[in-house]
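Visitor: Encoded as structure tokens, here's the structure I'll be asking about.
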Amino acid sequence: MYTRREAMGVVGKFVLVAGAMSVLPKTMLWANQDFRVVSPKDAQILQEGKAKMFCPVCGMTLPMYYKTNHAANVKGKVHQYCSIHCMHEEAMLAGEAIQNPQVVDNDSLKFIAATSAYYVVGSNKPGTMSTVSKYAFAKEASAQNFAKEFGGEVMDYTQVSKVVSEGLSADIKMIKKRQAKAADMGKKIYEKVCKQTPQRFTSVADAKVYLDESGICGKLKGKEFQQVGLFLAGKGSM
Numbered sequence: 001m002y003t004r005r006e007a008m009g010v011v012g013k014f015v016l017v018a019g020a021m022s023v024l025p026k027t028m029l030w031a032n033q034d035f036r037v038v039s040p041k042d043a044q045i046l047q048e049g050k051a052k053m054f055c056p057v058c059g060m061t062l063p064m065y066y067k068t069n070h071a072a073n074v075k076g077k078v079h080q081y082c083s084i085h086c087m088h089e090e091a092m093l094a095g096e097a098i099q100n101p102q103v104v105d106n107d108s109l110k111f112i113a114a115t116s117a118y119y120v121v122g123s124n125k126p127g128t129m130s131t132v133s134k135y136a137f138a139k140e141a142s143a144q145n146f147a148k149e150f151g152g153e154v155m156d157y158t159q160v161s162k163v164v165s166e167g168l169s170a171d172i173k174m175i176k177k178r179q180a181k182a183a184d185m186g187k188k189i190y191e192k193v194c195k196q197t198p199q200r201f202t203s204v205a206d207a208k209v210y211l212d213e214s215g216i217c218g219k220l221k222g223k224e225f226q227q228v229g230l231f232l233a234g235k236g237s238m
């Protein structure tokens with residue numbers, strides 16, 4: 001047991017640490033949080049519909065990868081993607097050119113025209129759907145400062161699109177393997193905690209909407225939510 005004096009000393013140290021934490025920069029307080037994540041209230045969601053919070057290509061939750069989000073017009077509607085990879089993949093599979101590409105400015109967290117953005121390619125921050133990271137800025141000075149601090153090369157949209165296109169096939173192959181592994185784990189979660197359903201889906205985004213609305217697996221979140229969505233979308237090992 002502590003004496004009264006010892007107890008007061010412990011409380012004093014706790015208050016001192018708490019006070020110090022309150023004045024630390026956010027970047028230090030959240031050092032262990034994924035750099036790409038923002039709060040859903042801070043994410044600008046341009047697309048509409050029940051699945052608007054998910055990437056239409058891979059199904060990933062958009063605010064969790066918001067700092068690499070892109071958007072484009074597809075058949076009269078806006079599609080919002082977790083990454084420039086998914087934007088290019090959808091265009092490639094559809095055999096169509098990308099229309100009105102937009103990207104999140106990492107300073108303002110608002111969408112800007114991708115064609116006028118400055119990208120930092122290959123920094124030590126995590127990549128989304130690719131081994132090579134790509135972050136965009138409205139101002140060249142911000143991109144240069146980011147590259148100076150975290151590494152990488154500053155490029156314009158035409159240059160970064162070339163990098164993406166050249167690596168697209170290899171990235172898709174890598175992603176399919178990762179998705180298959182995640183879907184197999186999702187099957188185990190599904191069989192353990194979910195009410196069985198014959199429902200299957202052609203997109204991970206639609207599967208996640210169903211899981212959210214039906215509640216058949218309870219309140220899945222994060223990685224487990226994505227894994228079960230991948231399983232219900234048929235992304236598992238054959």
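Note that my numbering has the sequence shown beginning at 1, numbered continuously upward. Ideal Cβ placement from N, Cα and C applies to all residues, glycine included.
Pull the bridge partners of A205 from the DSSP assignment, please.
Guide: Within the sequence shown, the letter at position 205 stands for residue 205. Beta-bridge pairing links A205 to no other residue.
Visitor: DSSP three-state call for I112: helix, strand or coil?
Guide: By 1-based counting over the sequence shown, the position of residue 112 is 112. Of the three classes helix, strand and coil, the one that applies to I112 here is strand, per DSSP.
Visitor: Report the rounded CA-to-CA distance for M155 versus V120, giving the unit in angstroms.
Guide: Looking up residue 155 in the sequence shown gives position 155. Looking up residue 120 in the sequence shown gives position 120. Approximately 6 Å, taken between the alpha carbons.
Visitor: Since I believe A117 is in contact with H137 (beta carbons under 8 Å), could you give me their beta-carbon distance rounded to a whole number of angstroms?
Guide: Locating residue 137 in the sequence shown gives position 137, counting from the first residue. Locating residue 117 in the sequence shown gives position 117, counting from the first residue. In the sequence on display, residue 137 carries Phe and not His. Yes, F137 and A117 are in contact; Cβ-Cβ is about 7 Å, under 8 Å.
Visitor: Count the other C-beta atoms from every protein chain shown that fall within 10 angstroms of the C-beta of L29, then say buried if there are 16 or more, exposed otherwise.
Guide: Taking the sequence shown and counting its residues from 1, one reaches residue 29 at position 29. The predicted position of L29 is uncertain, since its pLDDT is 34 and thus under 50; no value can be drawn from it.
Visitor: Leaving out five residues before and five after L62 in sequence, what residues of the same chain have Cβ atoms less than 7 Å from its Cβ?
Guide: Mapped onto the sequence shown, residue 62 falls at position 62. So the list reads A43, I45, M53, F54, C55, N69, Q80 and C82, once near-sequence residues are dropped.
Visitor: Distance, Cα to Cα, D105 vs F111?
Guide: Start at 1 with the first residue of the sequence shown, and residue 105 comes out as number 105. Start at 1 with the first residue of the sequence shown, and residue 111 comes out as number 111. Answer to the nearest angstrom: the Cα atoms are 6 Å apart.
Visitor: Give the DSSP-derived three-state secondary structure of T68 in the structure shown.
Guide: Locating residue 68 in the sequence shown gives position 68, where the first residue counts as 1. Residue state, collapsed to three classes: helix.
Visitor: Does the distance from the C-beta atom of N124 to that of F146 stay below 8 Å?
Guide: As a first step, residue 124 is located in the sequence shown; it is residue number 124 there, counting from the start. As a first step, residue 146 is located in the sequence shown; it is residue number 146 there, counting from the start. Going by C-beta atoms, N124 is not nearer than 8 Å to F146.
Visitor: Would you give the residue range spanned by the beta strand (DSSP E) that E153 belongs to?
Guide: Residue mapping note: residue 153 aligns to position 153 of the sequence shown, counting from 1. Its beta strand (DSSP E) spans residues E153 to M155.
Visitor: Of the residues K77, P40 and M60, which one's Cα is nearest the Cα of E48?
Guide: Numbered from 1 along the sequence shown, position 48 holds the residue referred to as residue 48. The candidate whose alpha carbon is nearest that of E48 is K77.
Visitor: Consult DSSP for V57 and reduce its assignment to one of helix, strand or coil.
Guide: On the sequence shown, residue 57 is found 57 positions in, with the first residue counted as 1. Here V57 sits in coil by DSSP.
Visitor: Excluding the 5 residues flanking A183 on each side, which residues of the same chain have their C-beta closer than 7 Å to its C-beta?
Guide: Reading the sequence shown from its first residue, position 183 is the one you call residue 183. If we look at A183 and ignore the five residues flanking it on each side, its Cβ neighbours are Q227, L230, F231, K235 and G236.
Visitor: Determine the closest residue to E140 out of T115, T128, Q196 and S133, with distance taken between C-alpha atoms.
Guide: Translated into positions along the sequence shown, residue 140 becomes position 140. Of T115, T128, Q196 and S133, the residue nearest in Cα terms is T115.
Visitor: Mind reading off the beta-carbon distance from V160 to K134? Whole number of angstroms is fine, and I expect it under 8 Å.
Guide: Position 160 of the sequence shown holds residue 160. Position 134 of the sequence shown holds residue 134. Indeed, because the Cβ distance is near 6 Å, the residues count as touching under 8 Å.
Visitor: Measuring only the C-alpha atoms, how far is L220 from D212?
Guide: Residue numbering aside, residue 220 sits at position 220 when the sequence shown is read from its first letter. Residue numbering aside, residue 212 sits at position 212 when the sequence shown is read from its first letter. C-alpha separation (whole angstroms): 8 Å.
Visitor: Any idea if S142 is buried or exposed, counting beta-carbon neighbours within 10 angstroms, 16 or more meaning buried?
Guide: Here residue 142 refers to the residue found at position 142 of the sequence shown. Under this definition S142 is a buried residue.
Visitor: Is the beta carbon of M87 sitting closer than 8 Å to the one on A97?
Guide: Counted from its first residue, the sequence shown places residue 87 at position 87. Counted from its first residue, the sequence shown places residue 97 at position 97. Going by C-beta atoms, M87 is not nearer than 8 Å to A97.
Visitor: Identify, in the order they occur along the chain, each residue of the same chain with its Cβ nearer than 6 Å to the Cβ of G127, setting aside the five sequence neighbours on each side.
Guide: In the sequence shown, counting from the first residue as 1, residue 127 sits at position 127. Here the set comprises S133.
Visitor: Given that a residue counts as buried once 16 or more other Cβ atoms are within 10 Å of its Cβ, and exposed if not, what is S130?
Guide: Position 130 of the sequence shown, counted from the first residue, corresponds to residue 130. Under this definition S130 is a buried residue.
Visitor: Tell me the DSSP bridge mates of N73?
Guide: Residue mapping note: residue 73 aligns to position 73 of the sequence shown, counting from 1. According to DSSP, which records beta bridges pairwise, N73 is partnered with V78 and Q99.
Visitor: Return the chain-ordered ranges of every alpha helix (DSSP H) run that is complete within the region 114-179 and spans a minimum of 4 residues.
Guide: Fully enclosed alpha helix (DSSP H) runs of 4 or longer: 140-150.
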